Every structure is written in C-alpha cells, then in structure tokens.
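Engineer: Residue numbers (the working numbering): 2 to 199.
Supplied in structure tokens, the structure appears directly below.
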Amino acid sequence: MAFTFFFRDLPVLEYAVQEAIKLAMGRMRIKIWDAGSALGQEPYTLAILFAERLGATFNNLYLDATDYDSENNFGDIVKLATYKYDELQRIPADIFKKYFDSQGNNLYRVCDKVRSRVFFQYHDLLSLKAIGSEYALVVCKNVLLHFQYNERIEVIKMFYQALSTGGFLALENTQKMPEEISHLFEQVVPDAQLYRKL
Ligand SMILES: C[S@@+](CC[C@H](N)C(=O)[O-])C[C@H]1O[C@@H](n2cnc3c(N)ncnc32)[C@H](O)[C@@H]1O
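See below:
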C-alpha cells in the first residue's frame, strides 16, 4: 500500500507548486497538505520543489504530511527522513547534492532546512475531519483508489473545506472527479487530475 518514490509524477507536482505559490503570494503562510504521505518521499519532494522556488520565503512554508499507518511507525520514518541511495537515483544530481546529507552506509538524510518545514501527523482520511484549513494545495495521490466511491466523495468534500478559495487539489492521474461534486472544482489542465476550488 505504501509504494511510492521521490519525484513521482513530477510535471503535475511542479505545476501544482507553481500555482500554489502564485495563490499564496503575499500571505504569511503557505499551507500545503500531503494526505497519504507514505514514508515521506512525496512531501519531501514537494518541500524541495518549494525550496527551489521560494528562496528566502521558504520559511513561510508549512507542509503537513499525514498518513494513518501507525502500526508500521510511518511517523518515525518520515521524521528521520533517511533513505537508501538506491531510492534516490531518480532525483536530479544537482538537487540530490543540494538537499541530501550523507549519513554513511549508503544512507542519505533530507537536509535540515527541508525537514524543518515538513510536519508529520497520523490521520485517517476516513475520519472525514480535516487537519486544518486555508491550504493553498492538497496533494492526495494514489490513496483514493483504495476507498469506496462514496468514501471518495466525502474525502474530496473534506479537502474542499480544507482548501482556501482558489486552492488546488492534486489527485492521481487515474482518479476522475466524481460527477456529484464536480461543481465544487474546475480542472486546471486537461491531461492531469489537478483541480482548483471554486
Ligand atoms: C500508494 S501510497 C501513496 C503515497 C504517495 N501519495 C504517492 O502517491 O506516491 C498510499 C498511502 O495511503 C495511505 N492510506 C491508505 N488509506 C489511508 C487512510 N484512510 N488515511 C490516511 N492514509 C491512508 C497508506 O498508508 C499509504 O501510505
């Protein structure tokens, strides 16, 4: 269930990050929620993309990463942010050099700067209680496919409540917006499941 990797679906994430920055420009906080973050590969990818674009205002980023897997201590693993080199080979060399610190034994840790802006907490999406509000971007990829159709609708409605007006929702590319709630969002690009809250 926790299959994931760094820089997965990069074009959509890059576009979403760019749009979220435009939306949040001038705000004190840029709030992002990565829901179903697995072992941290996706939220740290997002945080690195923000670091590349935000420069001095990177400290305004608050990236909440959530997953429900407490049995396998996902929270400890995300906070440790240490990965085997084999897992990091998709990362462009210059980015890898800039954002990962060697720990020896073929292990690398996400640098302090990036780690300091990612806040993990356990959360079950099916609780239907959002962890916060005024998010500029919610990323929930490769999670909704595990839910029943009606559960998906309720979870997406929760994301709608959690987003700021004009905020973005990124879903996996195989996930279409259910017809019943399609009036809540507009699709931003025709070939990706990236939506803007109306
Ligand atoms: C396939 S991984 C996706 C990871 C990442 N989002 C990606 O696209 O690469 C699915 C993740 O969803 C999490 N998940 C499944 N059901 C969940 C739920 N009800 N609440 C929160 N997380 C859930 C799993 O624990 C797993 O880490």
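Glycine residues also receive a C-beta, built at the ideal position from the N, C-alpha and C atoms.
These numbers were taken from a predicted model, which means no experiment stands behind them.
May I ask you to report which of helix, strand or coil DSSP gives Q162?
Structural biologist: One-based indexing of the sequence shown puts residue 162 at position 161. Residue state, collapsed to three classes: helix.
Engineer: Can you find a heavy atom of ligand 1 that lies under 6 Å from the Cβ of E155?
Structural biologist: In the sequence shown, the residue the question calls residue 155 occupies position 154. Checking every heavy atom of ligand 1 against the Cβ of E155, none is found closer than 6 Å.
Engineer: Count the other CB atoms within 10 Å of the CB of G41; is the residue buried (16 or more) or exposed (fewer)?
Structural biologist: Residue 41 sits at position 40 when you count from the first residue of the sequence shown. It is buried - the Cβ of G41 has at least 16 other Cβ atoms within 10 Å.
Engineer: For G27, count the other beta carbons within 10 Å of its own beta carbon; 16 or more makes it buried, fewer makes it exposed. Which is it?
Structural biologist: For the purposes of this step, residue 27 is taken as residue 26 along the sequence shown, with counting starting at 1. So G27 ends up on the exposed side.
Engineer: For L126, verify whether its CB is less than 6 Å away from any heavy atom of ligand 1.
Structural biologist: Numbered from its first residue, the sequence shown carries residue 126 at position 125. The answer is yes for L126.
Engineer: Please determine, among N174, E181, G167, the residue with the shortest C-alpha to C-alpha distance to V156.
Structural biologist: Residue mapping note: residue 156 aligns to position 155 of the sequence shown, counting from 1. For the residues N174, E181, G167, the minimum Cα distance to V156 belongs to E181.
Engineer: Around the C-beta of H124, are 16 or more other C-beta atoms found within 10 angstroms, so that it is buried, or is it exposed?
Structural biologist: The residue you call residue 124 lines up with position 123 of the sequence shown. Buried, because 16 or more other Cβ atoms sit within 10 Å of the Cβ of H124.
Engineer: Would you say R197 and F160 are within 7 Å of each other, going by their C-beta atoms?
Structural biologist: Working through the sequence shown from its first residue, we reach residue 197 at position 196. Working through the sequence shown from its first residue, we reach residue 160 at position 159. Contact: no.
Engineer: With respect to 6 Å, is the separation between the Cβ of Y69 and the closest non-hydrogen atom of ligand 1 below this value?
Structural biologist: Residue numbering aside, residue 69 sits at position 68 when the sequence shown is read from its first letter. Correct: Y69 has its Cβ closer than 6 Å to ligand 1.
Engineer: Of all the options L89, Y86, A163, F4, which has the alpha carbon lying nearest to the alpha carbon of D205?
Structural biologist: Outside the displayed range of the chain (2 to 199) lies residue 205, so it cannot be described from this structure.
Engineer: Can you give me the C-alpha to C-alpha distance between K158 and K142, rounded to a whole angstrom?
Structural biologist: On the sequence shown, position 157 is the one that residue 158 refers to. On the sequence shown, position 141 is the one that residue 142 refers to. Each residue's alpha carbon lies about 16 Å from the other.
Engineer: Checking 7 Å against the spacing of the C-beta atoms, do A39 and A3 come in under that value?
Structural biologist: On the sequence shown, position 38 is the one that residue 39 refers to. On the sequence shown, position 2 is the one that residue 3 refers to. It is a contact, given that the beta carbons lie within the stated cut-off.
Engineer: Distance check for I31 and E20, CA to CA, integer angstroms please.
Structural biologist: On the sequence shown, residue 20 is found 19 positions in, with the first residue counted as 1. On the sequence shown, residue 31 is found 30 positions in, with the first residue counted as 1. If you take the alpha carbons of E20 and I31, they lie about 12 Å apart.
Engineer: Does DSSP classify S71 as helix, strand or coil?
Structural biologist: Numbered from its first residue, the sequence shown carries residue 71 at position 70. Assigned with DSSP and collapsed to three states, S71 falls in coil, not helix or strand.
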